[in-house]
Structures are given as structure tokens and as C-alpha cells.
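Peer 1:
Protein chains in written order, with the working numbering: chain A, 38 to 377; chain B, 38 to 377.
What follows is the structure, encoded as C-alpha cells:
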């Protein structure tokens, strides 16, 4: 145990600078109380109590302006929320409970106090939604784009990996897919997105609670979050598990803004290729999902949809409604296309 | 415990991209084996075993091109080493043992595989020097400067804070100060730095081992690393501890490249205002330092110098060789001046 009072004064590694003194206070203000933090921001480092026999789960996620987002598309609040949500999603993907995050920010000189206030409020809203606290951070000027790096720390009795899918398992997806991709594609085309799609992009869902509920009510063999899109993330799960995933394209749950799309193949491409939905893909034995689906619907109003099955083999096989093999649905939105 | 084999395939949150696939492998290659990591890079997150009754210590440090370093000044290897060393120094400052780090990189499109190879080798060299492993990371293109954010995780039985200095304590500093500031000032003036100063800037010392040895052999009341310069960091310790620090300027150990400087006040300004020396400032009761100094000299060839004392009061008081109060020595190198 650490003697003395708990410090909550300021993120540890921040540099002194008159310009940033107020911002430091703002970022401090987003820090929720954290029962595990024996020492929060304020010293050279934060100290996290080792949570009994649980594992600590850590990950990091980087958001760069003009690569992952554009300032023209998003409010500063949404930029902060989204960067934090993307990082915390990796804890959901392990069925881990969030403990806290460390946030490093680099912002251009023209970013004023109000800008940083909004950014911090978005980060704080996401932290509160996930029951996570701010354990530390760093702040710098940027002579170029905005840069937000969020490192997350969580705990889990038994973290669920992406590598446990077994032949015979069913594949289940939470929520509806493709909203974020539709928003990004709309902006890239110079159009104002459907408000529901815009919302999906600005406020990615927090699935940390749902993931733990799913893994407590069902024997989930493998779990991954849909950050790169169902197509890519299914390939990750297949490779890590050493199995083949068979996905039935007609059962992929489309985001409401895509449901009545005139070109169904475009809608499907966005739903499976788009990424940044931050929903979950789970592999579990048949007959497991019923109770979990009811619990997720009751507690979170969240759909759980069967999208396929696991077979011996490798890779991902896509089937149409008649069970015929089709090529991987293409589409969506790639980070590295943004600049073009 | 996590079933199944340990994964060491790739940092968790990295995006898929043909361009970066090779780089991912390179960054993987810097990861040393990590006994605490039940699951290393390769899944959505890394899992760190909770180390018995020890505390986990976490911190993050951001390095931005043209703010913290310039590519004209440093090799990519040195950029990677330095960014990692700066972050790990916060573990030394808590007397924590490094466990692992998460590294987020944003690099411009023109950065080729060799560039990233060198960057990764610098990161890896610093990790090995500190007995730390790579627990995860993220990688992105940058449409502007290079960004490197390093989050460190360590453990400590009793982390040593900056807030424990008490009246009557002596103040001790490891190593020699001002080398990094001299290098930066030389470059900024268009001069090639003294090779010893250049070395201090490129390869900041690893004091994680020395810090633990110091705290095991002496009753260290307060500890901080000299990242912002002795003047600024002494103010941090004074404020956190609620005491006055009295520093005798004549006893500040100057870096060898500054010892024979024609203008001693300029040399002193660099030594106390310069920052980025990543040495340690410790407060401990009188008579404690003898054994520690001998141990540090024997094990690390490291000086331990008494630079002053702690009194009741507040702030930092600077004394000259005759014990007269002088104004805070000015000088060094401020990050936010780099652009001017």
C-alpha cells in the first residue's frame, strides 16, 4: 500500500508550460474515481493495485487526424470520445473490465482552451460510460495533425482470446454493422451522412459490459471486436484459431441506415468491409446463445445475430442466401485511402 | 491463468496494411521474453499477470518530431531509443521494475522499411537495457511529423513518490547534468555537439536498476527523475512534499562536456534548466547515502552527489558557494522554443 493521500492533481508525464496549465486541469477533470488506483495522476506514474488473482489486460490505440478522422467531420468532443472508445473496445474484445486509461495528446498551436475542453469532455464521457478512470497522460504541441493515443488497462478472471474458435461453433455478432462506414463514405463523397450513421461513427458503442455478460451467460470460445470490419476480423479469428469461418452474408445484421439501401451489395460491403463498428464477433457452441441474447436484449437493448459457423479448415468462406460460395464482399472504407 | 500457448505474433492494435506488415514483424522482433506476460502481443490486448502483492506502475510519454526532437539531429535508432528511455525513466522515478511497454508510432509515408527497422532497433535496445518487453502497440501513417508514444508498465513493492521529502533530508542527484541540453543548444545554434553531449542526448541513461538499488540501500523519502531539469523537477518535489528544497549551485554535478566551460553560469543554466538528463533526484535522511553511493559506483559506475537539503517552507531556494541566496539559474532548452 502507498502511504499518504491519493493524488489526483494532474496526469503524470505532462510537461510544464503556461499554455497548457489550464488544459491539464481540464484533463484532470475527466478522471473518475478509481478504486484500483492506489495512486492516480500526479506523480511520475500511476499505480494500479494488482487485482487479486485477476489478470491485467492492456492495449493501445492510436488516432491520427487525416488518417483516422477529419476535423471537418467531427466535433472535438466526438474526436475524443471516438479515440477513447476505439481503445476501450479492445478490452471488450477480451471480456475484460476496464480499470483505466492513459491518454497522450498532441494538438496544433491554434487549438485553444475551448477546443481542449471539448476534447477532454468527449474522453471523459466515454470513460464514464465504461467505468474507467484516467491513470495518466501526456500533452504536447503538434506541428501537424492532431494525434491521440489511448492506452487501456483492464482486468479479467479469464480473458477470452480470438484464438479459441472450434469446428462446430456458431458465429454470433452483436448490434448492427456498417453505420460508421456509411458515415465515412458519405463524408468522403461530400455528403452529409444519415444522422443514424453519423451517430454510429461519432459515438461508437461501449461493449465492455455486454462482452462480460455474454461470456458469463455463454461458453464463448473466441471473441474479437469489429474494428477493421467483419471480413477482416473474421479472417483474424480464423487464422488465430486455426479454423475456417463460414459467414452467411444474408444473415449479417445491417445498420438501420443501410437496411433499405438500393444497392444491397454496397450495403453488405459497408457492413462487412467498413470497420469501426466496434461490435463483437463471438464463437460459441450451438444452443448457447439463447440465454445470452435475451440478457443482452434486456440489459442493453442489443441484438445478437447468428452469422455463420466454424468448420475445420482455414480462412473465411462467404455464402449467399442459397448457401453458394461467393467472393468476399468488398467495400467499406480504408484508413489509408483517406488521403487520396 | 490463460490456457493455450503464449502468443508473440504481433502488437495487438495494429491495423492491417500491406505496407506495414513487414514493419509489424520488425517491431515484434524487439520484444524480449516477458515472464509476467501471460499473453503478449497478438490478440486484442496483452495480459499481464498481477504480480502477487506488488503494485503495478504505469505511465506514458509522448515524443513529437520538431517538438521533442528533430530528424536532422538524430538517427532513427536514437529517436526510438530516446523516446523509450524517456518513458521508462518514469518507472525509475518510482523505483519500479519495468515489466513492459506499449509503443504507438505514426510515421510519414516516406518512411521506408529501413527507417522503421532502425526505429524499432532503437526501441528494442532500450527495452533490453531495462529488462522490459513489448506488450503491444499501434502503427499509423502520419500526414505530418513523427509521433512516438510509449506507455510503460512496471511493478514495485513500495513505489517511491516525489511527495515524501521531509525537513532535514539531504538531496542527492545521480550522474552528471546538462549534457542533453548542451547537445540540443549546439544543434539549435547550427553546431555539431561535443560527442559526449551528443551521446547524453541520444542514449539517455537507464536508471531503473540504480533507482531500485538506491531505495534498497537507503531510506529514500522522495524520488523524481530529471526530465524537465533539476530546477523544474526540484520545484515539483517541493510542491508535492510541501517543503522547501535548498540547492547549492556549486555542488550540482556538471556533465563532463560542461566542466571546463568558459562561462560557468551558462554551464550551470544548462545543468539545472536543461532537462532530459533522466538522472534521479532523491531526498533521504542524513548519513544514508554512503552505502548507496558505494553500491552505485561499484555496480553502475554512477556518481551520487549531495546537492542540498530539505527545510520547512515551500519552493526551491538556490544558494551560491558562499551560502548566499541567488536567483534560479536560467538556461537550457525548452521544448516549445524549438519551432521559433
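The C-beta atom is built at its ideal place from N, Cα and C for all residues, glycine as well.
#1: Among the residues of its own chain, which have a CB less than 8 Å from the CB of residue 255/B, if the five just before and after it don't count?
#2: List the residues of chain B whose Cβ lies closer than 8 Å to the Cβ of residue 121/A, in chain order.
#3: Measure from the alpha carbon of residue 25/B to the alpha carbon of each residue in 332/B, 222/B, 187/B, then state which is nearest.
#4: Of all Cβ atoms in chain A, is any one closer than 8 Å to the Cβ of residue 254/B?
#5: Curious, which full-length beta strand (DSSP E) runs of at least 3 residues does the stretch 262-313 of chain B contain?
#6: In angstroms, rounded to a whole number, what distance separates the CA positions of residue 305/B and residue 365/B?
#7: Taking 6 Å as the limit between beta carbons, can you name the residues of its chain near residue 145/B, skipping five residues before and five after?
#8: Taking only beta carbons into account, state which residues of the stretch 135-159 of chain B come closer than 7 Å to chain A, listed in chain order.
#9: Within the continuous alpha helix (DSSP H) that includes residue 188/B, where are the two ends?
#10: Which term fits residue 313/A, buried or exposed, when burial requires 16 or more other beta carbons within 10 angstroms of its beta carbon?
#11: Could you tell me which chain A residues have their CB closer than 7 Å to the CB of residue 184/B, listed as they occur along the chain?
#12: Using a Cβ-Cβ distance under 8 Å, would residue 342/B count as near chain A?
#13: Using a Cβ-Cβ cut-off of 6 Å (strictly less than) and excluding sequence neighbours within five positions of residue 114/B, which residues of its own chain qualify?
#14: At a CB-CB cut-off below 7 Å, which residues of chain B make contact with residue 245/A?
#15: So with Cβ pairs under 8 Å, would you call residue 211/A a contact of chain B?
#16: Given this structure, state the Cα-to-Cα distance separating residue 133/B from residue 93/B, to the nearest angstrom.
#17: Report yes or no: do three or more beta-carbon pairs, one from the stretch 172-190 of chain B and one from the stretch 252-269 of chain B, lie closer than 8 Å?
#18: If contact means a Cβ-Cβ distance below 9 Å, which residues of the stretch 91-115 of chain B contact chain A?
#19: Taking just the CA atoms, how far does residue 349/A sit from residue 249/B?
#20: Who does residue 363/B pair with in a DSSP beta bridge?
#21: Would you check if the distance between the CB atom of residue 173/B and the CB atom of residue 128/B is smaller than 8 Å?
#22: Could you name the residues of the stretch 162-188 of chain A whose beta carbon sits closer than 8 Å to any beta carbon of chain B, in the order they occur along the chain?
#23: Would you please state the rounded distance, in angstroms, between the beta carbons of residue 309/B and residue 208/B? I believe it to be under 8 Å.
#24: What is the DSSP secondary structure of residue 141/A, counted as helix, strand or coil?
#25: Do residue 202/A and residue 276/A have their CB atoms nearer than 8 Å?
#26: Name the chain B residues that come within less than 7 Å of residue 190/A, Cβ to Cβ?
#27: I'd like the span of the beta strand (DSSP E) that includes residue 321/A, first residue to last.
#28: Within 10 angstroms of its Cβ, does residue 316/B collect 16 or more other Cβ (buried), or is it exposed?
#29: Please list the terminal residues of the continuous beta strand (DSSP E) segment that includes residue 173/B.
#30: Can you tell me the Cα-Cα spacing of residue 194/A and residue 97/A, whole angstroms?
#31: Please list the terminal residues of the continuous alpha helix (DSSP H) segment that includes residue 328/B.
#32: Measuring only the C-alpha atoms, how far is residue 130/B from residue 236/A?
#33: Looking at the structure shown, is residue 66/B part of a helix, part of a strand, or coil, going by DSSP?
#34: Alpha carbon to alpha carbon, what distance is there between residue 163/B and residue 122/A?
#35: So, are the CB atoms of residue 168/A and residue 135/A less than 8 Å apart?
Peer 2: Answer, in terms of the structure:
#1: Counting from one through the second chain, the residue named residue 255/B turns up at place 218. So the list reads 319, 321, 325, 326, 328, 329, once near-sequence residues are dropped.
#2: By one-based count along the first chain, residue 121/A stands at place 84. Within 8 Å Cβ-Cβ: nothing; residue 121/A doesn't reach chain B, min ~13 Å.
#3: No statement about residue 25/B is possible, as the shown extent of chain B runs from 38 to 377 and does not include it.
#4: Stepping through the second chain from its first residue, residue 254/B is reached at position 217. Interface residue (Cβ-Cβ distance to chain A less than 8 Å): residue 254/B is not classified as such.
#5: If we require 3 residues or more, the beta strand (DSSP E) runs fully inside the stretch 262-313 of chain B come out as 281-285.
#6: Sequence index remark: in the second chain, residue 305/B carries index 268 (1-based). Sequence index remark: in the second chain, residue 365/B carries index 328 (1-based). In this model, residue 305/B and residue 365/B are separated by some 10 Å (Cα to Cα).
#7: Here residue 145/B refers to the residue found at position 108 when the second chain is read from its first residue. Taken in chain order, the residues that qualify are 179.
#8: Taking 7 Å as the Cβ-Cβ cut-off against chain A, the residues of the stretch 135-159 of chain B that qualify are 139, 141, 143.
#9: For the purposes of this step, residue 188/B is taken as the residue at position 151 of the second chain. Per DSSP, residue 188/B belongs to no alpha helix (DSSP H); it is in the beta strand (DSSP E), 184-193.
#10: Within the first chain, numbered from 1, the residue matching residue 313/A stands at position 276. Taking every protein chain shown into account, the CB of residue 313/A has 16 or more other CB atoms within 10 angstroms, so this residue is buried.
#11: The residue given as residue 184/B occupies position 147 in the second chain. The answer, in chain order, is 143, 184.
#12: Walking along the second chain from the start, residue 342/B turns up at place 305. Residue 342/B has a beta carbon lying at 8 Å or more from every beta carbon in chain A.
#13: The count along the second chain starts at 1 and reaches residue 114/B at position 77. Answer for residue 114/B: 155, 158, 159, listed in chain order.
#14: By 1-based counting over the first chain, the position of residue 245/A is 208. For residue 245/A, no chain B residue has a Cβ inside 7 Å of its Cβ, as the nearest lies near 12 Å away.
#15: Residue numbering aside, residue 211/A sits at position 174 when the first chain is read from its first letter. The beta carbon of residue 211/A sits no closer than 8 Å to any beta carbon of chain B.
#16: Position 96 of the second chain, counted from the start, is the residue given in the question as residue 133/B. Position 56 of the second chain, counted from the start, is the residue given in the question as residue 93/B. Taking the straight line from one Cα to the other gives about 8 Å.
#17: Contact between the stretch 172-190 of chain B and the stretch 252-269 of chain B is not established, with fewer than three Cβ pairs separated by less than 8 Å.
#18: Of all residues in the stretch 91-115 of chain B, only 91, 92, 93, 94, 95, 96, 97, 98, 99, 100, 101, 102, 103, 104, 105 place a beta-carbon less than 9 Å from a beta-carbon of chain A.
#19: Indexing the second chain from 1 puts residue 249/B at position 212. Indexing the first chain from 1 puts residue 349/A at position 312. If I take the Cα positions, the gap works out to 51 Å.
#20: One-based indexing of the second chain puts residue 363/B at position 326. According to DSSP, which records beta bridges pairwise, residue 363/B is partnered with 355/B.
#21: For the purposes of this step, residue 173/B is taken as the residue at position 136 of the second chain. For the purposes of this step, residue 128/B is taken as the residue at position 91 of the second chain. No, Cβ-Cβ distance for residue 173/B and residue 128/B is not below 8 Å.
#22: Those would be 172, 173, 174, 175, 176, 177, 178, 179, 180, 181, 182, 184, 186, 188, in chain order.
#23: One-based indexing of the second chain puts residue 309/B at position 272. One-based indexing of the second chain puts residue 208/B at position 171. Not really, about 12 Å apart at Cβ, beyond 8 Å.
#24: Indexing the first chain from 1 puts residue 141/A at position 104. Three-state DSSP puts residue 141/A in a strand.
#25: By 1-based counting over the first chain, the position of residue 202/A is 165. By 1-based counting over the first chain, the position of residue 276/A is 239. Not a contact, by the Cβ cut-off of 8 Å.
#26: Here residue 190/A is taken as the residue at index 153 of the first chain, counted from 1. Ordered by position in chain B, the residues that pass the 7 Å Cβ test against residue 190/A are 95.
#27: Taking the first chain and counting its residues from 1, the one referred to as residue 321/A is at position 284. In the DSSP assignment, residue 321/A falls within the unbroken beta strand (DSSP E) covering 317-321.
#28: Within the second chain, the letter at position 279 stands for residue 316/B. It counts as buried.
#29: As a first step, residue 173/B must be located in the second chain, where it is residue number 136. For residue 173/B, the enclosing beta strand (DSSP E) begins and ends at 170-178.
#30: Position 157 of the first chain, counted from the start, is the residue given in the question as residue 194/A. Position 60 of the first chain, counted from the start, is the residue given in the question as residue 97/A. Each residue's alpha carbon lies about 21 Å from the other.
#31: Looking up residue 328/B in the second chain gives position 291. From DSSP, the alpha helix (DSSP H) with residue 328/B extends over 326-337.
#32: The count along the second chain starts at 1 and reaches residue 130/B at position 93. The count along the first chain starts at 1 and reaches residue 236/A at position 199. Approximately 43 Å, taken between the alpha carbons.
#33: Taking the second chain and counting its residues from 1, the one referred to as residue 66/B is at position 29. In this prediction, residue 66/B scores a pLDDT of 42, lower than 50, which makes its location untrustworthy; the coordinate-derived value is nonetheless stated afterwards. Three-state DSSP puts residue 66/B in a helix.
#34: Within the first chain, residue 122/A is the residue found at index 85, counting from 1. Within the second chain, residue 163/B is the residue found at index 126, counting from 1. Approximately 31 Å, taken between the alpha carbons.
#35: By 1-based counting over the first chain, the position of residue 168/A is 131. By 1-based counting over the first chain, the position of residue 135/A is 98. Residue 135/A sits close to residue 168/A, with the two beta carbons spaced by under 8 Å.
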